[in-house]
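Protein chains in written order, with our numbering: chain W, 51 to 221; chain Y, 51 to 221. Here a beta-carbon is modelled for each residue, glycine too, at the ideal position from N, C-alpha and C.
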């Protein structure tokens, strides 16, 4: 899809058909993710692609109990691989750049999902410690987003956006 | 441009032609930015579009002294409007969501710039306090990125990306 249409029609999808997402589409999503920019090209990210139903159930129970989550046939847990940024940029790498870089990767995944006829949602309000434990993550691998993905049941309306005059200042 | 081509061919542009960027293109960039997703649709962002040559010179001198910066005919300073996220989500809003949301907006701007024949670069390593002072920002408006923009002199080669096997785990 043309970018300008894509960026305006992407929605947060919270309802999925009972249909598996093929691996070649997952690979497309990951390829879009790794083409995100990153500070010093550090690429401080790791993606856990979870299709295992038991693990998805556990994540639902212990880290993100929203009812719609359980419908998703796959979820990608996006982690900031902190040392990759911290090694070069210290505190600013740890607390800013690796968060920004992984967020750019998430946005690429969400846009790519829409482009492929899929839908996803950026979940941030999960229990970080419980998710870390379920995935057996090392201390410096920080889960920063969960993206449940699947074929959308419907396309929600666009949430209202602030007008440009309110969010921009020209100097 | 088709998204999948766009996302792979976007480059960090650090050399610009001596040619102004028309305001209608700047508005396209801001429109793409405001269609980024944000936690609770808080839209915790503000964009300072700077074409004033004196101010760009001051930013160059006091906040980001890289020589190539001075060639850019325009720069967008992206700020996290912290209270918009903090009000609803507390510490996680302040230190995570508003950073992620603004990063998604930056990525939309960079992709949109490429789509419009422009180029930009995500600058993170600037002096935050000096930039804040130059723009007269309130305490809770945090500058998180500078995006110098213009017509690219050339398209650099893609920096090497880690292979998917190295950055993804399938479960």
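The alpha-carbon of residue 173/Y is positioned some 42 Å away from that of residue 68/W. Look at residue 131/Y here: in three-state DSSP terms it is strand.
Nearest neighbour of residue 135/W by Cα position, chosen from 87/W, 127/W and 52/W, turns out to be 87/W. Closer than 7 Å to the CB of residue 212/Y there is at least one CB belonging to chain W. For residue 62/W, the pairing in a beta bridge is given by DSSP as 170/W.
The continuous alpha helix (DSSP H) containing residue 159/Y extends over residues 148–165.
Annotated as proximal: residue 159/W and residue 83/W, with beta-carbon spacing under 7 Å.
Its chain contains 118 and 171 as the residues whose beta carbon lies nearer than 7 Å to that of residue 64/W, once the 5 sequence neighbours on both sides are disregarded; these appear in chain order.
In this structure, the beta-carbon distance from residue 98/W to residue 219/Y falls below 7 Å. Boundaries of the beta strand (DSSP E) harbouring residue 196/W: 191–200, taken from the DSSP string.
Secondary structure of residue 85/W (DSSP, three-state): coil. By the CB criterion at 7 Å, residue 164/Y and residue 75/Y fall outside the cutoff. Classified as exposed, residue 77/W has fewer than 16 neighbouring CB atoms from the shown chains inside 10 Å of its CB.
CA-to-CA, the gap between residue 124/W and residue 211/Y works out to about 25 Å. Shortest Cα-Cα distance from residue 208/W to any of 80/W, 62/W and 52/W involves 62/W.
Per DSSP, residue 109/Y is not a residue of any beta strand (DSSP E); the alpha helix (DSSP H) it occupies stretches across 103–112. Ranking 217/W, 213/W and 175/W by CA distance to the CA of residue 139/Y puts 175/W first.
Not a single CB atom of chain W sits nearer than 7 Å to the CB of residue 163/Y. In the displayed model, residue 214/Y falls within a helix according to three-state DSSP. Contact annotation: residue 167/W and residue 66/W have beta-carbon atoms that are not nearer than 7 Å. For residue 137/W, the number of other beta carbons within 10 angstroms of its own is below 16, and it is reported as exposed.
Exposed is the label assigned to residue 72/W, since fewer than 16 other Cβ atoms lie within 10 Å of its Cβ. For residue 71/Y, the three-state secondary structure derived from DSSP is coil.
With 16 or more neighbouring CB atoms inside 10 Å of its own CB, residue 151/W falls in the buried class. Within the same chain, and ignoring the five residues on either side of residue 153/Y in sequence, no residue has its Cβ closer than 6 Å to its Cβ.
Look at residue 118/Y: its C-beta is not under 7 Å from any C-beta on chain W.
At a beta-carbon threshold of 7 Å, the residues of chain Y lying near residue 209/W are 91, ordered along the chain. Cβ-Cβ distances below 6 Å link residue 101/Y to 124 in the same chain, with the five nearest sequence neighbours on each side left out; the list follows chain order.
By the CB criterion at 7 Å, residue 191/Y and residue 129/Y fall inside the cutoff.
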